[in-house]
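**Q** Each residue of the first sequence is one higher than the one before, starting from 304 at the first, in the numbering used here. Got a structure for you, written out below as structure tokens; questions coming shortly.
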Amino acid sequence: MQNQYDPATLEAEVQSYWVNNKTFEVTEDLEKEKFYCLSMFPYPSGKLHMGHVRNYTIGDVIARYQRMLGKNVLQPMGWDAFGLPAENAALKNRVAPAGWTYENIDYMKQQLKRLGFGYDWQRELATCQPEYYKWEQWLFTELYKKGLVYRKHAVVNWDPVDQTVLANEQVIDGRGWRSGALVERREIPQWFIKITDYADELLEEIDQLEDWPDQVRTMQRNWIGRSYGVQMDFGIEGEKDHLTIYTTRPDTLMGVTYVAVAAEHPLALRAAEQNPALAEFIEECRQGGTSEAELETIEKKGMLLGVNAVHPVSGELVPVYAANFVLMTYGTGAVMAVPGHDERDHAFARKYGIQIKQVIQPKDGSTLDIQAEAYTEKGVLQDSGPFTGQTSEDAFESIAGWLQAKGKGGKSKNYRLRDWGVSRQRYWGAPIPMIHCTHCGIVPVPLKDLPVRLPEDIVYDENTINPIKNNPEFSDCTCPECGGDAQRETDTFDTFMESSWYYARYTTPGADSMLDQRANYWLPVDQYVGGIEHAVLHLLYARFYHKLMRDAGLVNSDEPFTRLLTQGMVVADTYYRDQSDGSKHWYNPTEVDVSCDDKGRPLSATLKEDAGSVEIGGIEKMSKSKNNGVDPQTLIDRYGSDTVRLYTMFTSPPDQSLEWSDDGVEGAYRFIKRLWALAETSQDQLSQSLPTEIEYDDSQKEARRELHELLKKALYDYQRQRFNNVVSACMGMTNILYKLGDSTADLAIVKEGLSLVLRLLAPIAPHVTHHLWQTLGFGNEILESEWPEPDEQALKQESLPYVVQVNGKVRATIQVPADADKPAVEKIALENENVKRFIGDSTVRKVIVVPNKLVNVVAK
RNA sequence: GCCCGGGUGGCGAAAUUGGUAGACGCAAGAGACUUAAAAUCUCUCGACCUUAGGGUCGUGCCGGUUCGAUUCCGGCCCCGGGCACCA
């Protein structure tokens, strides 16, 4: 009687085997090649979502694959534990963020264990632990001493009703998410780290990150955005002062017809003292959020200051506008405007009736209607005084030279990248270890006083938004330098600070320093896996942080992550009903029945609860707001971890989005049961030893050839991380084995085939393969087995199929002896009846033979 | 608005990188087993035409390069990710 496949029991047994054998606990071993495989750690939001399951399955598959290749594999896990959701939960449920966070960690950790991920839990960390954030506080004080940290004013979203700073996420259509009040831009002093000092290195080393997706490398290059341009001074009429601007198009300088400054620019503020309308306009410009997407899409508005700027070359006076799209805190707070050759300036000029001048003509000499449309290409200068007739490229040099000679400017390198603002006006984060002393000024907290602990024992009531602001118990302190009364900084770090170095801390658990020598054994991370949404910010900050740690002597590599895999999103169908107030109420796919037409296309959907119809809202990223998340726990309980893992690997390639389907999970389950049944039915025969010399007949040889062909493909797909194709190949191999009979030779092929399929699947479905490997007597530990290789002998063929095309269209398939040369292949192709028929009366002009593939006959 | 991706059957996808488009799986249909259902197994499955040999069309749309284009080039449309305080 064959055993039933019972994943719950089986998986628990295999998991305790791993725990008892400390299978995934690793130490530095100089005898073996190391492999550090890391998945982006989760924010402990409550429970795992499908995106986590996908991310960690991909990581675990890679880790186990590398381990089966014989490497010393480190795969750790931890928690990105500081952040906004804990504060939101605290406000909603009156619970302290710390407790909420630790409870979530406990639950999610148990879920990760249930999925069978091979983590070394000894190295687990949570970024809200003082022993963790102590060291980033320390590094920050060191950077301050080196001059890499400074303080300046920067804009934040201010909610005037709740009297609090809002995250961009909390600004919805320009209003505070809780209060609904119009948000204002406000400037407050904040801490910055000089990432721009490392801009060139961060940019240039992207070229060496060969195993990163091109997409991510391009995004980082564009984000850093190094440009070469010219900086120059415009005079201000009747004043000694001047406005400094930067442009990448100095060749258009003679086409400047106005200058725009930020509404908060001192020049604008001064002009507003005499001009109530301007003062009102400046006030209006303060409204709205700070996000770039918002600033770039707002209606461009401006107002004359009544002040003129002096053109640096012509000496002409051009009007100065205050404009809502120029920001005081970016660049110099002033821009030159060339409506003839810039689209935004053109639109603005048309709106306010400003002169539009053409100073560039196309190189092909064509004429333009510059009043109708800006010409933004490079060309030849016209009406540009001494520079007329030069090409844009030449004019760049000569204008820069002219400005430099007159002491009015010169060439300048510029970056789009801005310094990293790390201050957050929030409670649930790592305190910034700085002290404000009335005598000594700013004093960093010395190492002996670190960590600056965040009080966790906090009572929340309805008025508590930030329990450490205006809290003398936290902020009162003595100055480490003069011993006098002083105040602690009450802002906390951006949570990107914690996520920028956790990968390094995993390598040195328990170290009484930021890192120790163990870090240089494991680093850099060989494979990093995480969502594409982190392509720029997190991955750029982590690269930066690695260089900071290198320059502090803590690591000896330049880059933290050698190979990067950015996984796609998990998406699912959405269903909703329109509400009377115009909003939509979203239903979870599990609450809905969908009816389909005879082709299987969805026609309509009804709610299970009341049988009434619901709208089909299309496929979207799984999210709380669209209520289309599928709880992985339900699936794990029903099918087991192997099925969930296999399904997520099989459904789409790791870097593409994964569309959820319950039926697909059923299919993955069916495959595992098929594999199980095959192994169990023939278990008795298979576990016996079979003769070593076996004569295979032609169809058995063909079966073996196909098996090894699929094996070859699977191995190739492991290398290029197309795990969906690996699963396809395993399914194909299993189908071949199912067609075999029970002769000794057939059984030998089944046994051989199973040993291949089990090893190929071991990284993906580790529990069932571990069990079957033992059952069939292949060995005790599949993870320690030899990684399979195709049998070249089995792959040999006597004749090969060729496709024959006539003028590019397939007309026949022919069998050609494997050793035939090109003329022989050509001869066989031209003798084919159907080929002859399509050549007909026309003459054969050319015959193209692609070895082992196809013949194309060109006939006219 | 700016930067980066993606678009292939009813659906998820494959095509070893310019060489047979649709492997593998889901759904659907037919059949076998069963008193029946479930499970399992077998077959069919891009569209249209067909004298049943096969033929024509087909990889978002329009054009180009090539003996040959899902793949390369140019232009467009649609969908998604990021935009510095969500993580």
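We put the beta carbon where it would ideally sit given N, CA and C, even for glycine. Values in this document were obtained by computation on a predicted structure and should not be read as measured data.
#1: Going by alpha carbons, who is nearest to residue 1121 out of 1113, 1104 and 357?
#2: Given this structure, state the Cα-to-Cα distance separating residue 1199 from residue 535, to the nearest angstrom.
#3: Under a three-way DSSP split, which group does residue 916 fall into?
#4: Buried or exposed for residue 904, going by 16 or more other Cβ atoms inside 10 Å?
#5: Assuming residue 782 and residue 746 are in contact, meaning their beta carbons sit under 8 Å apart, how far apart are those beta carbons, in whole angstroms?
#6: Could you spell out where the beta strand (DSSP E) holding residue 487 opens and where it closes?
#7: Cβ atoms of residue 646 and residue 665: under 8 Å apart, would you say?
#8: Is the beta carbon of residue 571 closer than 8 Å to that of residue 512?
#9: Taking the alpha helix (DSSP H) that residue 588 falls in, what are its first and last residues?
#10: Threshold first: 4 residues or longer. Then list the alpha helix (DSSP H) segments lying entirely within the segment 352-422, N to C.
#11: I believe residue 877 touches residue 838 by the beta-carbon criterion, under 8 Å. Please report the beta-carbon distance rounded to the nearest angstrom.
#12: Where does the unbroken beta strand (DSSP E) through residue 637 begin, and where does it stop?
#13: How many Å lie between residue 794 and residue 703 at the Cα?
#14: State the start and end residues of the unbroken alpha helix (DSSP H) segment that holds residue 1033.
#15: Hey, quick one: how far does the alpha helix (DSSP H) through residue 722 stretch, first residue to last?
#16: Where does residue 1159 sit, in a helix, a strand or coil, going by DSSP?
#17: Taking only three categories from DSSP, how would you classify residue 819?
#18: With DSSP as the reference, label residue 506 as helix, strand or coil.
#19: Just the Cα atoms here: how many angstroms apart are residue 576 and residue 614?
#20: Answer with buried or exposed for residue 931, where buried requires no fewer than 16 other C-beta atoms within 10 angstroms of its C-beta.
#21: Smallest Cα separation from residue 1054: which of 524, 1071, 1076 and 1035?
#22: Could you tell me the boundaries of the alpha helix (DSSP H) in which residue 608 lies?
#23: What distance in whole Å lies between the Cβ atoms of residue 950 and residue 968, which are believed to be in contact at a cut-off of 8 Å?
#24: Does DSSP classify residue 756 as helix, strand or coil?
#25: According to the Cβ coordinates, are residue 753 and residue 736 closer than 8 Å?
#26: In whole angstroms, give me the CA-to-CA distance for residue 1160 and residue 1101.
#27: Tell me which same chain residues have a C-beta within less than 8 Å of the C-beta of residue 448, skipping the five on either side of it?
#28: Is it true that the CB of residue 981 sits closer than 8 Å to the CB of residue 1041?
#29: Would you call residue 710 buried or exposed, if buried means 16 or more other Cβ atoms sit within 10 Å of its Cβ?
#30: Which partner residues does residue 663 have in the DSSP bridge list?
#31: Count the CB pairs spanning the segment 434-452 and the segment 487-498 that are closer than 8 Å, and state whether there are at least three.
#32: Confirm, please, whether the CB-CB distance from residue 605 to residue 650 is below 8 Å.
#33: Does the distance from the C-beta atom of residue 551 to that of residue 635 stay below 8 Å?
#34: I need the DSSP call for residue 1060, collapsed to helix, strand or coil.
#35: Per DSSP, what are the beta-bridge partners of residue 693 in this structure?
#36: Look up residue 1219 in the DSSP assignment and say whether it is helix, strand or coil.
**A** Reading off the structure:
#1: 1104
#2: Given a span of 304 to 1163 for the chain in the structure shown, any question on residue 1199 remains unanswerable.
#3: strand
#4: Only weak support exists for where residue 904 lies, its pLDDT of 49 falling under 50; the value from the coordinates is given anyway. Under this definition residue 904 is an exposed residue.
#5: 6 Å
#6: 487-496
#7: no
#8: no
#9: 579-588
#10: 353-371, 387-396 and 400-417
#11: Wrong, their Cβ atoms sit about 25 Å apart, outside the cutoff.
#12: 637-640
#13: 43 Å
#14: 1026-1041
#15: From DSSP, residue 722 is part of no alpha helix (DSSP H); its letter is neither H nor E.
#16: strand
#17: coil
#18: helix
#19: 25 Å
#20: buried
#21: 1076
#22: Careful: residue 608 lies outside any alpha helix (DSSP H), inside the beta strand (DSSP E) at 605-613.
#23: 5 Å
#24: coil
#25: yes
#26: 25 Å
#27: 747
#28: yes
#29: exposed
#30: 684
#31: yes
#32: no
#33: no
#34: helix
#35: Paired residue(s): none; residue 693 is not in a bridge.
#36: As displayed, the chain neither begins before 304 nor continues past 1163, which places residue 1219 out of reach and without an answer.
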